[in-house]
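Each remark here refers to the structure printed beneath this line.
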Amino acid sequence: MKRIAVVTTIYRYLTHAQHFADRFLVGYPKEGNWHRPNMRVVSMFVDQKPEGNQSEDRAREFGFTVYPTIAETLRCGGENIAVDAVLLIGEHGDYPHNEMSQVLYPRYEFFKECVKVFEEDGKSVPIFNDKHLSYSFEKAKEMVNDGYRLNFGVLAGSSLPVTWRLPDVDLSLGCELEDALMVGVGGSDPMDYHALEAMQCMVERRKGGETGVAAVQLIDGEEVWKLGEKGRWSMELLEAALSRSDTPCGLTDEDGRTQDMIRNGEIYRLVDNPAAYFIEYNDGFKATLLMINGAIRDYCFAAKLKGEPLPVSTQFFLTPTPNVTYSACLVSKIEELFETGVAPYPAERTLLVSGTLENCLLSRHRGHVRLETPHLNVEYSAPTESQHAQR
Amino acid sequence: MEKRLKIAAIATIYHKYSHAQHIVDRFLEGYGWNSRHHYPPMDLVSLYVEQVKDNDISSDRLERFPTMKGFPTIAEALTLGGEELAVDGILLIGEHGEYPSNDKGQRLYPRYEHYMQMVEVFKRSGRGVPVFNDKHLSWNWEWAREMYDISQSMDFAFMAGSSLPVTWRTPSIDMPLNVSISEAVCVGYGGVDSYDFHALETLQCMVERREGGESGVKWLQAYRGDAFWNAHHSELWSRELFESALCRSHTLTPSRPGFNNPFPTLDEMKEIVKDPIAYQYEHNDGLKSTMILMNGLVQDFNFAAYIGTEKDILSTQMYLPMPPARTTLANFFSPLVNNIEQMFLTGKATYPVERTLLTTGLVAAGVDSLHEGGVLQETPHLDISYQPTEESTFWRT
């Protein structure tokens, strides 16, 4: 039975640590069964323990130890590494922001402490890193490189790429993609990250594979709509993405009606401060994320395929709170990493998205300038098999 | 230019989140479909609303969509004020509104009464047009049967039922055609004579695809409260299928504080579900199906069945994006309206109304069994056999 160490910022009800680690403790729904991983959480590190901290209760009930340092957690209080995998969850908790409004979660620092143990003890184990690798691309890159240098599996990212889709579609591998657009909502930087990664897990399947990002630009305010009229992003794809939304606001909130939000103009009225994240890839492909707070409340994607009359579109289904069964979809991928040592999809996706987001936020910080990003030359191939929930 | 079809809507009431609002609005305002905001290629020209109360929004719709006229009677809505039938398709939406209940707890929606007024116009005009009847045909089995028989004898396309058979599924799978099924279970939620119907349609749209097609139902027995738990203990229905269905839920009530998604023990379920209900019934070919309402434990509809010779489990959730808690739009009405549109355009129902005739009879038998304290109801009148559509009709594009 694999022995798991949990390294986290905070363990309270409805935090990411509680969602993910609990599934290793009490099981989770998978393919129509209640699946109980053949693994055991043996140790835990929790950085912050404010009121509501559950780590001690969980340790007592499920028979593991909460250690004061990450090194002790990985060594289970002994001399050498004594776990087979690390679940690293640096999300939630009270951490400072930088001037680009990024939350400075200590994911890199936690990861490097694990790596230090790996190096000192001469043994490496797989690490799952929740969400983006780091707010800093340089740090993120070092994390992914550590995996190659010390030969351990690294999986990272959001639940969105692996959750259910409505409809259940994926882009075929090697498809000729002409344009892509994602709509998302929520704050920056937590929620734009999810939306960017959802978009990336689709566009990485284009012909030639992922080539990296050449330049980014973040525009916000009314200018976003003007750029749509000018064709900088596609109105047709916005319509396609909105056609998948179950949560139009405004008039729908008022009397339940369906809405053609572009033609009735409501989208322009409802969105307080639209933001467009323009991403130019090294192979010339372009994609856009529109954050449209106020218009809808879900995450939808649309793309134009060469020769297809209609766009392909889908909703990344964020299943209801508190079950958030989409996190069960991700835990099953984490389990696969822990079981086989091999990440079911490349951490380069998350690396590229981490860097893309950082540079979009930098673009905004520098007055919405277009930033060339030669350092984001992250190349990788998408997984052959679709990885989202289908069974 | 091809003539656009004229559609009439006959509704009990038209307020926010009423079925009439969900359905009629999609004809008027369009809806998201296959990457477009789709406008049905037909005109809703007449509207009859039986109850206009403070929460009415039909007046707003009539004002904003002048092609649609309001009429004070069903006959006028169908004749557009003339003598003869003047529309090409009819929506009968007898759900919501203030109507009395009988001593068995059935809400006496006037679906049959509205239908018969419509038939009167058909008879007078010497022809019928395609009709969609929302939900079950009638609370009264005899009336439901009469509605079906009239549609057969007058030979007009007739479609009815719930959104459950046509909505998204997670996973997006259908029952393989002509597979053998040895047992089926649906675990859902909601009240008697309302959501039990949705759960029965969920079951039926899957099991009707089995080897030989639907053969009709011999008997039904309802279980409630302690009788339910006793039946559950003695495995009158498969515990494995019951649990498999629960494992498809996205809304499993946490049985322990501080945990967001644990699987409840049986004792915990008993704490959470104060009034469990099951309708178990045997089909004429021997298949046993069980519909279970677990109010408090889940807020979605989940299906599981043993299929094939190896008794593999096939399970899925029929997903309802249900407002207002989770969404703003009840988009499960979009595939329903799309199927109705197809019927109006082609003159053919896209799936058999016999399904809804059967589930209508099953609801009535379930209500009777509950009313009689769980007495088994022989159902020779539910000797309704039919074949499913070859193609799947649920939402997957």
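Heads up: the sequence lines are chains X and A, in that order.
The numbering used here puts the first residue of the first sequence at 8, with every later residue one more than the last.
The numbering used here puts the first residue of the second sequence at -6, with every later residue one more than the last.
We put the CB at the ideal spot given by N, CA and C, even for glycine.
Nothing here was measured: the structure is a model prediction, and the numbers come from that model.
Buried or exposed: which applies to Gln380 of chain A, given that a residue is buried once 16 or more other Cβ atoms fall within 10 Å of its Cβ?
-> Here residue 380 of chain A refers to the residue found at position 387 of the second sequence. Gln380 of chain A should be labelled exposed.
Does any CB atom of chain A fall closer than 8 Å to the CB of His395 of chain X?
-> Working through the first sequence from its first residue, we reach residue 395 of chain X at position 388. Not an interface residue.
Give me the Cα-Cα distance between Glu69 of chain A and Lys(-1) of chain A, rounded to the nearest whole angstrom.
-> For the purposes of this step, residue 69 of chain A is identified with residue 76 of the second sequence, where counting begins at 1. For the purposes of this step, residue -1 of chain A is identified with residue 6 of the second sequence, where counting begins at 1. Looking at the two C-alpha atoms, the distance is approximately 14 Å.
Based on the DSSP secondary-structure assignment, which residues constitute the bridge partners of Gln370 of chain A?
-> The count along the second sequence starts at 1 and reaches residue 370 of chain A at position 377. According to DSSP, Gln370 of chain A bridges with A:Leu213.
Figure out for me which residue from A:Gly87, A:Asn254, A:Met262 has the closest Cα to the Cα of Thr5 of chain A.
-> Residue numbering aside, residue 5 of chain A sits at position 12 when the second sequence is read from its first letter. Closest option to Thr5 of chain A, Cα to Cα, is A:Gly87.
CB-CB length for Ile285 of chain A against Ala297 of chain A, believed under 8 Å = The residue labelled residue 285 of chain A in the question sits at position 292 within the second sequence. The residue labelled residue 297 of chain A in the question sits at position 304 within the second sequence. Actually they are not in contact, since the Cβ atoms of Ile285 of chain A and Ala297 of chain A sit about 11 Å apart, beyond 8 Å.
Indicate whether at least one CB of chain A lies closer than 8 Å to the CB of Thr254 of chain X.
-> Residue numbering aside, residue 254 of chain X sits at position 247 when the first sequence is read from its first letter. Chain A contact via Cβ: present.
Nearest neighbour of Phe58 of chain A, chosen from A:Gln14, A:Thr66, A:Glu22 [CA to CA] = As a working mapping, residue 58 of chain A is identified with position 65 in the second sequence. The residue with the shortest Cα to Cα distance from Phe58 of chain A is A:Glu22.
What does a CB cutoff of less than 8 Å around Tyr188 of chain A pick up in its chain, not counting 5 residues either side in sequence?
-> Position 195 of the second sequence, counting from 1, holds the residue named residue 188 of chain A. Take Tyr188 of chain A, set aside five residues on each side of it, and the residues of its chain with a beta-carbon closer than 8 Å to its own are Gly181, Tyr182, Leu286, in chain order.
Answer yes or no: does any C-beta atom of chain X fall closer than 8 Å to that of Gly25 of chain A?
-> Residue numbering aside, residue 25 of chain A sits at position 32 when the second sequence is read from its first letter. Yes, its Cβ sits closer than 8 Å to a Cβ of chain X.
Through-space distance from Leu193 of chain A to Thr391 of chain X, alpha-carbon basis = Working through the first sequence from its first residue, we reach residue 391 of chain X at position 384. Working through the second sequence from its first residue, we reach residue 193 of chain A at position 200. In this structure, the CA atom of Thr391 of chain X is about 39 Å from the CA atom of Leu193 of chain A.
Check Glu77 of chain A in the structure and name its three-state DSSP category.
-> By 1-based counting over the second sequence, the position of residue 77 of chain A is 84. The answer is coil: DSSP assigns Glu77 of chain A none of H, G, I, E or B.
Since Lys263 of chain A is in the alpha helix (DSSP H), which residue starts that stretch and which ends it?
-> Against the second sequence, residue 263 of chain A aligns to sequence position 270. Segment 259 to 265, the alpha helix (DSSP H) holding Lys263 of chain A.
Of all the residues that make up the region 165 to 197 of chain X, which are near chain A by a beta-carbon distance shorter than 9 Å?
-> Trp171, Arg172, Leu173, Pro174, Asp175, Val176
Quick one: what's Arg203 of chain A bridged to in DSSP?
-> As a first step, residue 203 of chain A is located in the second sequence; it is residue number 210 there, counting from the start. According to DSSP, which records beta bridges pairwise, Arg203 of chain A is partnered with A:Val172.
Does the distance from the C-beta atom of Glu273 of chain X to that of Gly257 of chain X stay below 8 Å?
-> Along the first sequence, one-based indexing puts residue 273 of chain X at 266. Along the first sequence, one-based indexing puts residue 257 of chain X at 250. In contact: Glu273 of chain X and Gly257 of chain X (Cβ atoms closer than 8 Å).
Between A:Leu355, A:Thr72, A:Thr258, which lies nearest to Ser118 of chain A when the distance is taken from Cα to Cα?
-> In the second sequence, residue 118 of chain A corresponds to position 125, counting from 1. Comparing Cα positions, the closest option is A:Thr72.
Measure the CB-CB distance between Ile11 of chain X and Val48 of chain X and report whether it falls below 8 Å.
-> The residue given as residue 11 of chain X occupies position 4 in the first sequence. The residue given as residue 48 of chain X occupies position 41 in the first sequence. Contact: yes.
Going by other Cβ atoms of all chains shown within 10 Å of its Cβ, with 16 needed for buried, is Ala153 of chain A buried or exposed?
-> Here residue 153 of chain A is taken as the residue at index 160 of the second sequence, counted from 1. Buried, by the Cβ-count rule.
Using a beta-carbon distance cut-off of less than 7 Å, what residues from the region 129 to 162 of chain A approach chain X?
-> Cβ contacts with chain X: Trp161.
For the region 235 to 250 of chain X, which residues have a CB atom closer than 9 Å to at least one CB atom of chain A, in sequence order?
-> Glu243, Leu244, Glu246, Ala247, Ala248, Leu249, Ser250
How about Pro281 of chain X and Ile299 of chain X: are their beta carbons less than 8 Å apart?
-> To locate residue 281 of chain X, count along the first sequence from 1; it is residue 274. To locate residue 299 of chain X, count along the first sequence from 1; it is residue 292. Less than 8 Å divides the Cβ of Pro281 of chain X from the Cβ of Ile299 of chain X.
Can you give me, in chain order, the residues of the region 40 to 53 of chain X that have a beta carbon less than 7 Å from any beta carbon in chain A?
-> Asn40, Trp41
Compare the beta carbon distance of Ala137 of chain A and Ala342 of chain A with 8 Å and say whether it is the shorter of the two.
-> As a working note, residue 137 of chain A is residue 144 in the second sequence. As a working note, residue 342 of chain A is residue 349 in the second sequence. No.
Check whether the Cβ atoms of Pro329 of chain X and Pro247 of chain A lie closer than 8 Å to each other.
-> What you label residue 329 of chain X is simply residue 322 of the first sequence in a count that begins at 1. What you label residue 247 of chain A is simply residue 254 of the second sequence in a count that begins at 1. Yes, Cβ-Cβ distance for Pro329 of chain X and Pro247 of chain A is below 8 Å.
Do Asn295 of chain A and Ala238 of chain A have their CB atoms nearer than 8 Å?
-> The residue you call residue 295 of chain A lines up with position 302 of the second sequence. The residue you call residue 238 of chain A lines up with position 245 of the second sequence. Contact flag set, yes.
Could you tell me the distance, in whole angstroms, from the CA atom of Ala350 of chain X to the CA atom of Trp132 of chain A?
-> As a first step, residue 350 of chain X must be located in the first sequence, where it is residue number 343. As a first step, residue 132 of chain A must be located in the second sequence, where it is residue number 139. C-alpha separation (whole angstroms): 55 Å.
Cβ neighbours of Ser62 of chain X in the same chain (closer than 6 Å, five flanking residues each side left out) | Here residue 62 of chain X refers to the residue found at position 55 of the first sequence. In chain order, Tyr18, Met51, Val53, Val73 place their CB closer than 6 Å to the CB of Ser62 of chain X, counting only its own chain and leaving out the 5 sequence neighbours on each side.
How would you list, in chain order, the residues of chain A whose beta-carbon sits under 7 Å from the beta-carbon of Thr265 of chain X?
-> For the purposes of this step, residue 265 of chain X is identified with residue 258 of the first sequence, where counting begins at 1. Ordered by position in chain A, the residues that pass the 7 Å Cβ test against Thr265 of chain X are Asp18, Arg19, Glu22, Gly23, Tyr24, Leu322.
Grouping DSSP H, G and I as helix and E and B as strand, with all else coil, what is Thr295 of chain X?
-> By one-based count along the first sequence, residue 295 of chain X stands at place 288. Three-state DSSP puts Thr295 of chain X in a strand.
Any residues in the region 57 to 77 of chain X with a beta carbon nearer than 8 Å to a beta carbon of chain A? Which ones, in chain order?
-> Gln61, Asp64
Under a three-way DSSP split, which group does Gly82 of chain A fall into?
-> Numbered from 1 along the second sequence, position 89 holds the residue referred to as residue 82 of chain A. If DSSP states are grouped into helix, strand and coil, Gly82 of chain A belongs with the strands.
Contact set between Ala309 of chain X and chain A, taken where Cβ atoms lie within less than 7 Å = Taking the first residue of the first sequence as position 1, residue 309 of chain X is located at position 302. What Ala309 of chain X touches in chain A: Ser28.
Quick one: what's got a C-beta closer than 6 Å to Ile226 of chain X's C-beta in the same chain, skipping five residues either side?
-> For the purposes of this step, residue 226 of chain X is taken as the residue at position 219 of the first sequence. Annotation for Ile226 of chain X: Ala283, His375 place their beta carbon closer than 6 Å to its own, counting only its chain and skipping 5 residues before and after.
Unbroken stretches of the beta strand (DSSP E), 3 residues or longer, contained in the region 244 to 316 of chain A | 270 to 276, 281 to 286, 294 to 300, 305 to 311
Taking only beta-carbon atoms, is Pro329 of chain X less than 8 Å away from chain A?
-> By one-based count along the first sequence, residue 329 of chain X stands at place 322. Taking Cβ atoms only, chain A reaches closer than 8 Å to Pro329 of chain X, which makes this a yes.
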